[in-house]
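Asks: Below are the structure tokens for one structure; questions will follow.
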Amino acid sequence: MTRIVEKVQGSTGERRLQQAHGTAGRAQRFYDQQMLDHLNERMTAFVGRQEMMFVATSDADGECDNTFRAGPAGFVQVLDATHLTWPEYRGNGVMASLGNITENGHVGLLFVDFVSDVIGLHVNGRASVVEDEVARAAYPELPVDPVPGRRAERWVLVEVQEAYIHCAKHIPRMAKAARKREWGTDDVRRKGGDFFGAAADAAARAASPADAARPTRLRRWLRRLTPGRRVGSAADTR
């Protein structure tokens, strides 16, 4: 039997805008018909087919981060109807998402199938970071990946609070192409090098600190909107 979320859905901001723009009835139908507080069988099967997902987190102050996770099909493991987990592989050492989770457990996951089903699935919930040996003690069935670069260092465990569809109408259909992926590599070129020129920009700023510190017109405008906030600081560019 399908369980529908019983609590009042939507944030205060959502509800306020729905009332202001006359969409409250349409939104309520979506909440009632599409939003669950668990993963049903079709959602579970869908997650098991995915090779990627997007992960949204924020720290205790609400500073946001959105990142991409990938692995072999089924790298995100559905443990039961209200819990899922995924492995964290060796990365660049920044641990932005995991750091946020340790401060603020709320996460928003988005799975999108661009190839076969051309549909998306949102999963929102509360996350915690668990070391690999602890996770395996609790869930011995967790797989051990044969590829060294995909060996889990730790796992993110999520308690599902909301699960709902992302409609298909604007999702492009893409063709999957074979590509050798260098899991766990530290080779700068294979990781993308300085594709966006960030290292070059940083070097230029270091060479001319006076020019880098000069406020731009946009920064001055933002400071007027948000007095007291250090616009342009590292926190604003994460």
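Residue numbers (UniProt numbering): 1 to 238. All residues carry an ideal CB built from backbone N, CA and C; glycine is no exception. The structure presented is a predicted model; accordingly, all values stated were derived computationally and were not measured.
1. Whose C-alpha, out of R136, E162, W86, is nearest the C-alpha of Q33?
2. What is the residue span of the beta strand (DSSP E) that residue 286 lies within?
3. Kindly indicate which residue of I119, L79, E14 has the alpha-carbon position closest to the one of R174.
4. Taking E63 as part of the beta strand (DSSP E), name the residues at either end of that continuous run.
5. Judging by CA-CA distance, which residue of D37, L222, K180, R219 is the nearest neighbour of N124?
6. Which whole-angstrom value describes the C-beta separation of L39 and A81, a residue pair presumed to lie in contact below a C-beta threshold of 8 Å?
7. Going by DSSP in three states, V134 sits in which element: helix, strand or coil?
8. Does DSSP put Y139 in a helix, in a strand, or in coil?
9. So what does DSSP say about E162, is it helix, strand or coil?
10. Write down the C-beta distance between V158 and L84 rounded to the nearest angstrom, noting that I regard them as a contact closer than 8 Å.
11. Hey, could you find the ends of the alpha helix (DSSP H) T44 is sitting in?
12. What is the DSSP secondary structure of W86, counted as helix, strand or coil?
13. Cα-Cα, which of H106, V112, V156, V144 is closest to W86?
14. Answer yes or no: do residue 249 and E103 have a C-beta to C-beta separation smaller than 8 Å?
15. Helix, strand or coil for G71? Go by DSSP, reduced to three states.
16. In three-state DSSP terms, what is A177?
Replies: In short, the structure shows the following:
1. E162
2. Nothing about residue 286 can be reported from this structure: the residues present for the chain run from 1 to 238 only.
3. Here residue 174 turns out to be Met, not Arg, going by the sequence shown. Ranking the options by Cα distance to M174, first place goes to I119.
4. No beta strand (DSSP E) contains E63, which DSSP labels as neither H nor E.
5. D37
6. 6 Å
7. helix
8. coil
9. strand
10. 5 Å
11. 41-49
12. strand
13. V156
14. Residue coverage of the chain in this structure runs from 1 to 238, which leaves residue 249 outside it and unanswerable.
15. coil
16. coil
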